[in-house]
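In order, the protein sequences belong to chains A and B. First residue of the first sequence? That's 61 in the working numbering, and the numbers climb one at a time after it. First residue of the second sequence? That's 61 in the working numbering, and the numbers climb one at a time after it.
There are 2 protein chains.
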Amino acid sequence: MKAKPPPDRRRYQARARIAKAMAHPSRLLMLEAMEAGERCVCELTELVGADQSTVSKHLAVLKQAGLVEDRKEGVMVFYRVKVCCLKGFWDCIEGVLAENLKAQRAALR
Amino acid sequence: MKAKPPPDRRRYQARARIAKAMAHPSRLLMLEAMEAGERCVCELTELVGADQSTVSKHLAVLKQAGLVEDRKEGVMVFYRVKVCCLKGFWDCIEGVLAENLKAQRAALR
DNA sequence: AACATATATGGCTACATGGCCATATTGGCA
DNA sequence: TGCCAATATGGCCATGTAGCCATATATGTT
Chain A
61 MKAKPPPDRR
71 RYQARARIAK
81 AMAHPSRLLM
91 LEAMEAGERC
101 VCELTELVGA
111 DQSTVSKHLA
121 VLKQAGLVED
131 RKEGVMVFYR
141 VKVCCLKGFW
151 DCIEGVLAEN
161 LKAQRAALR
Chain B
61 MKAKPPPDRR
71 RYQARARIAK
81 AMAHPSRLLM
91 LEAMEAGERC
101 VCELTELVGA
111 DQSTVSKHLA
121 VLKQAGLVED
131 RKEGVMVFYR
141 VKVCCLKGFW
151 DCIEGVLAEN
161 LKAQRAALR
């Protein structure tokens, strides 16, 4: 028997993969756009204003992480979000951070 | 008037800062440990099994992102989680990914 | 004061990431 | 078949990140 079971490192690696995929402004922007409905690469490219190859690589990152999936239609590829957890999370985070800011300001008096 | 209002890039940069802070297995492990109650650096150092200076830097990243706060007590410093959004998020993500896996396997028949 | 302990910081190295350009690939159309 | 448009991939460079060691800082103890 062990005094301390070692932490399940695989789980945290898996989570880190998700978090890393989210850890870029352009990818977050694209995720939010895709939450309103699927988007082709060309739309997303225009949206973020980077090179098409850059956007393609960002999408590959999101897909690899399992956050989005794609659908080919002729020459175009449409991506859409595969998880429903994002909006709730960001709403929560932004709510909390706004609270903290307010409390911080109030404490200055 | 504009046809397309440009996306609010600051918001996505702010979100990316949060996601980046979460984007490391050791930091996620520490966050989860701290959710059960505050922890001193020494405990967290033992938990992740890395150099103390490494852990200290990880904690600085989390603090900088606003995810944790610290409290000094004598020589020791205790860190604790400052946002409540994490557990719900990871539960959601892990649930969805497990679902996807199940569906994937079922589709193989 | 001298010392020991807990934590933070600076320095360095190795590796990962993001960007663009050029190019390959795939599908539609003349 | 040949060409154009949409997307993906490879190459390269600049920058960022994570790790350890050494050391600084701060606090409690003798």
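Here a beta-carbon is modelled for each residue, glycine too, at the ideal position from N, C-alpha and C.
Item: What's the gap between the Cα of L104 of chain B and the Cα of C145 of chain B?; Value: 21 Å
Item: Residues of chain B with CB closer than 7 Å to the CB of L89 of chain A, please, in chain order.; Value: P67 and Y72
Item: Since Y139 of chain B and R99 of chain B are thought to touch, with beta carbons under 8 Å apart, how far apart are those beta carbons, to the nearest angstrom?; Value: 6 Å
Item: Looking only at its chain, what residues have a beta carbon closer than 7 Å to the beta carbon of D130 of chain B, apart from the 5 residues adjacent to it on each side?; Value: K123, V137, F138 and Y139
Item: Using a Cβ-Cβ cutoff of 7 Å, what residues of the segment 89-106 of chain B are near chain A? List them in chain order.; Value: L89
Item: Let me confirm a value: R165 of chain A is counted as buried when at least 16 other C-beta atoms fall within 10 Å, else exposed. Which label applies?; Value: exposed
Item: Out of A:S86, A:C102 and A:R69, state which residue places its alpha-carbon closest to the alpha-carbon of R70 of chain B.; Value: A:S86
Item: Where does the unbroken beta strand (DSSP E) through V141 of chain A begin, and where does it stop?; Value: M136 to V141
Item: Could you confirm whether any beta carbon from chain B is found closer than 8 Å to the beta carbon of R75 of chain A?; Value: yes
Item: Report the neighbours of M82 of chain A on chain B: residues whose CB is nearer than 9 Å to its CB, in chain order.; Value: R75, A76, I78, A79, K80, M82 and A83
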